[in-house]
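Student: So that we are looking at the same thing, I have put the structure below in structure tokens.
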């Protein structure tokens, strides 16, 4: 077992942000999230953080670990700190802090909805087909030849937005995940073309590729934004 120091960002309500330290005994094979849970269970029940699936599916536990965006449920302690060292855990950047390590991801969800990539989307083949079970009334049925257009593999964790240097300076910028969602769908819809080819669309990206470097799902939003630029340029030439 190792003994390490967790340096944890704390912020409640309107109080200024500060850091508190906790000495935690951990197995180096455990994950950063395990240590945060130990602090909550044994040291401070007021510590606020998000977690759910513990296997990189839900995206709830996105945080900054030693300054780098990570899903803490799949980040092993031994990969980010040594025995006796200090591990700093902070909330994601570029989102309002709700409490301690929790941020408001509402801006991301609203932008995903604006680019027609809602959090809940009907699949081409629904699980109710061939079963004597009625689908929920608020989920439309889709025909088998319709394409499932939500961004594959994106778990909407917000990590790409946190890492994006443009998002840090311009909250209106659509950002990596929403623009990647447009790239997946293509630009046949005029409204998506207008969003992509706007001041807060693909031309606002500085091609830093920080988003792709930290994406835990290998969506590669940086590459997708570059491809979307190509698509927008082709549309411009065709319409000229």
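Residue numbers (this note's numbering): 1 to 240.
For every residue, glycine included, the Cβ atom is placed at its ideal position computed from N, Cα and C.
List, from N- to C-terminal side, the alpha helix (DSSP H) runs of 4 residues or more that fit wholly inside the segment 150 to 225.
Tutor: You should have 159 to 163, 176 to 185, 190 to 196, 210 to 214.
Student: Identify the continuous beta strand (DSSP E) that holds residue 6 and give its terminal residues.
Tutor: Residue numbering aside, residue 6 sits at position 6 when the chain shown is read from its first letter. Segment 2 to 10, the beta strand (DSSP E) holding residue 6.
Student: Looking at C-beta atoms only, is the number of pairs between the segment 66 to 73 and the segment 157 to 170 that lie closer than 8 Å three or more?
Tutor: Cβ pair count under 8 Å is three or more, so yes.
Student: For residue 17 and residue 231, what's the separation of their Cα atoms in angstroms?
Tutor: Position 17 of the chain shown, counted from the first residue, corresponds to residue 17. Position 231 of the chain shown, counted from the first residue, corresponds to residue 231. Using only the alpha carbons, I get a separation of about 43 Å.
Student: Hey, does residue 205 have any beta-carbon neighbour from chain D nearer than 8 Å?
Tutor: No chain D appears in this structure, which consists of one protein chain only.
Student: So, with DSSP's three-state summary, where would you put residue 232?
Tutor: Stepping through the chain shown from its first residue, residue 232 is reached at position 232. Residue 232: helix per DSSP, three-state reduction.
Student: Is the segment 52 to 68 in contact with the segment 108 to 119, if contact means three or more CB pairs nearer than 8 Å?
Tutor: Output reads no: the segment 108 to 119 does not touch the segment 52 to 68.
Student: Are the CB atoms of residue 180 and residue 156 nearer to each other than 8 Å?
Tutor: The count along the chain shown starts at 1 and reaches residue 180 at position 180. The count along the chain shown starts at 1 and reaches residue 156 at position 156. No.
Student: Note down, in chain order, each residue of its chain lying with its Cβ closer than 6 Å to the Cβ of residue 187, except the 5 sequence neighbours on either side.
Tutor: Counting from one through the chain shown, the residue named residue 187 turns up at place 187. The answer, listed in chain order, is 193, 231, 235.
Student: Tell me the residue span of the beta strand (DSSP E) that contains residue 99.
Tutor: Numbered from its first residue, the chain shown carries residue 99 at position 99. Run containing residue 99: 97 to 99, per the beta strand (DSSP E) assignment.
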